[in-house]
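Residue numbers (this note's numbering): 73 to 514.
Structure (structure tokens):
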């Protein structure tokens with residue numbers, strides 16, 4: 073049946089999901105500690121620009137409307153002899169769910185197994201499926217020791233249950249996880265209505281803030297890896313003096329109106345590719361990456377509407393000049409493509425976050441209070457990462473359809489490369505004709 077789902081993990085966090093019907097064992101689930109006060113009460117803050125806005129949803133339900141929590145208290149837990157237990161059904165995002173627990177493990181020994189399941193899945197219409205990110209926690213009397221695991225999954229007929237066979241060792245259940253003889257399990261479920269044509273807001277704001285505290289470094293690595301890869305290819309291209317000089321001579325030699333036409337592209341053409349590139353099913357960080365790209369795109373759109381007032385994403389000296397503007401559903405390069413390519417290859421990225429999960433306390437505080445300032449810092453950072461990623465993606469796409477930037481050797485190139493290759497081919501053809509004519513005259 074369902075296969076194992078894996079994802080880059082934050083330190084000490086379990087993100088591995090598996091269907092209860094899967095017969096192979098999942099890897100050892102890892103513990104992640106969060107402050108229950110942080111989870112239950114949240115932290116009020118003044119939202120940074122473009123982070124909590126959702127004014128382009130086109131009538132779609134907002135993430136907050138598709139999010140819900142459920143608490144299940146299992147009394148007399150040590151006396152349970154049944155192989156499995158099911159919670160009462162609860163509704164989130166228009167669907168009914170229940171939690172499935174195997175007190176002695178599902179096809180494993182000495183472990184507690186936990187799954188989220190779609191209720192009445194056998195009665196749903198053929199072809200049904202829905203996408204959800206969820207967190208399951210076993211509560212400890214010491215809030216900092218509660219055990220959390222997150223995963224992302226598309227539920228459908230053959231994968232209607234998903235979770236962890238090795239959620240936690242049974243020997244640890246007695247270590248503060250029972251209140252008397254009552255085991256408390258909590259679930260947070262976010263149903264996701266994904267869009268294939270543009271980055272989209274995925275998560276309820278408070279659930280997102282909780283996940284950001286854990287996965288900030290993972291998201292940053294994804295964005296930085298993409299940007300650095302593109303910058304590296306640009307750098308190697310510019311270092312090839314012969315090819316770069318050839319391209320520059322071609323570019324500056326063509327009509328200005330033609331250059332202008334080739335320096336823009338429809339937003340929907342590029343954003344579809346952005347979503348396809350960054351939204352990867354079963355990778356729990358994909359929702360945060362989409363949120364980051366969404367916020368970055370909104371920042372670019374706001375920047376384009378009011379060029380005189382640059383939005384405060386980070387400190388002014390840390391925010392580079394824009395590479396693109398958004399005009400009438402078009403991405404437009406703000407300057408000559410040669411200058412922008414050179415700038416993109418050389419412009420440094422913001423310094424890495426030094427307070428990522430690997431350096432944070434087990435309560436998620438990184439040695440400081442989980443307060444408004446730290447939350448705003450993280451969300452502003454993700455907005456800026458999203459903005460930079462979208463800009464580099466657009467620049468690469470306009471320059472090369474596949475974003476490969478591989479020395480003008482892409483088989484099916486976009487308009488700038490096509491025009492350049494046609495010019496090179498025409499020039500070579502003219503040279504061959506002249507050589508043939510010269511040889512004929514001799």
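Even glycine gets a Cβ: it sits at the ideal position worked out from N, Cα and C.
All values derive from a computational prediction rather than experimental measurement.
Are there 16 or more other CB atoms within 10 angstroms of the CB of residue i, so buried, or fewer, so exposed?
i, result
"residue 466", "buried"
"residue 254", "exposed"
"residue 182", "exposed"
"residue 260", "buried"
"residue 473", "Model confidence at residue 473 stands at a pLDDT of 47, short of 50, so the residue's coordinates are unreliable; what they give is reported in the following sentence. Residue 473 is buried by the Cβ-count criterion."
"residue 195", "exposed"
"residue 267", "buried"
"residue 328", "exposed"
"residue 165", "buried"
"residue 169", "buried"
"residue 192", "exposed"
"residue 400", "exposed"
"residue 219", "buried"
"residue 143", "exposed"
"residue 506", "exposed"
"residue 248", "exposed"
"residue 508", "exposed"
"residue 375", "buried"
"residue 276", "buried"
"residue 198", "exposed"
"residue 432", "Below a pLDDT of 50, predicted positions are generally treated as unreliable, and residue 432, at 35, falls in that range; no measurement from the model is reported."
"residue 135", "buried"
"residue 358", "buried"
"residue 96", "Per-residue confidence for residue 96 stands at a pLDDT of 34, beneath the threshold of 50, marking its modelled position as unreliable; no derived number is given."
"residue 335", "buried"
"residue 483", "With a pLDDT of 32 at residue 483, under the threshold of 50, the modelled position of this residue cannot be trusted; read the value that follows with caution. That one is exposed."
"residue 451", "buried"
"residue 338", "exposed"
"residue 504", "exposed"
"residue 204", "buried"
"residue 407", "exposed"
"residue 73", "Note that residue 73 scores a pLDDT of 36, beneath 50, so its modelled location is shaky; the value from the coordinates is reported in the next line. Result: exposed."
"residue 292", "buried"
"residue 411", "exposed"
"residue 110", "Residue placement at residue 110 is flagged as unreliable, the pLDDT there being 46, under the threshold of 50; a coordinate-derived value is accordingly withheld."
Along the beta strand (DSSP E) that carries residue i, what are the first and last residues, could you check?
i, result
"residue 189", "183-190"
"residue 213", "No beta strand (DSSP E) holds residue 213; DSSP gives it neither H nor E."
"residue 235", "233-241"
So who's on the other strand from residue i, going by DSSP bridges?
i, result
"residue 204", "225, 263"
"residue 399", "402"
"residue 162", "169"
"residue 157", "173"
"residue 144", "257"
"residue 152", "Paired residues: none, contrary to the question."
"residue 134", "None; residue 134 has no bridge partner."
"residue 366", "According to DSSP, residue 366 bridges with nothing at all."
"residue 331", "DSSP lists no partner for residue 331."
"residue 219", "210"
"residue 336", "404"
Taking the alpha helix (DSSP H) that residue i falls in, what are its first and last residues?
i, result
"residue 469", "444-471"
"residue 350", "339-350"
"residue 416", "409-418"
"residue 196", "Segment: none, residue 196 is in no alpha helix (DSSP H) and carries neither H nor E."
"residue 354", "Taken as a continuous stretch (DSSP letters only), residue 354 belongs to no alpha helix (DSSP H), as it is neither H nor E."
How many whole angstroms separate the CB atoms of residue i and residue j, which I take to be in contact at a CB cut-off of 8 Å?
i, j, result
"residue 413", "residue 471", "7 Å"
"residue 409", "residue 323", "7 Å"
"residue 201", "residue 227", "6 Å"
"residue 455", "residue 298", "In fact, because the Cβ distance is near 16 Å, the residues do not count as touching under 8 Å."
"residue 190", "residue 232", "5 Å"
"residue 156", "residue 172", "6 Å"
"residue 416", "residue 464", "6 Å"
"residue 213", "residue 251", "6 Å"
"residue 271", "residue 346", "6 Å"
Taking the runs of the alpha helix (DSSP H) that are 4 residues or longer, which of them lie wholly in the stretch 243-329?
Complete alpha helix (DSSP H) runs here, min 4: 277-311, 313-325.
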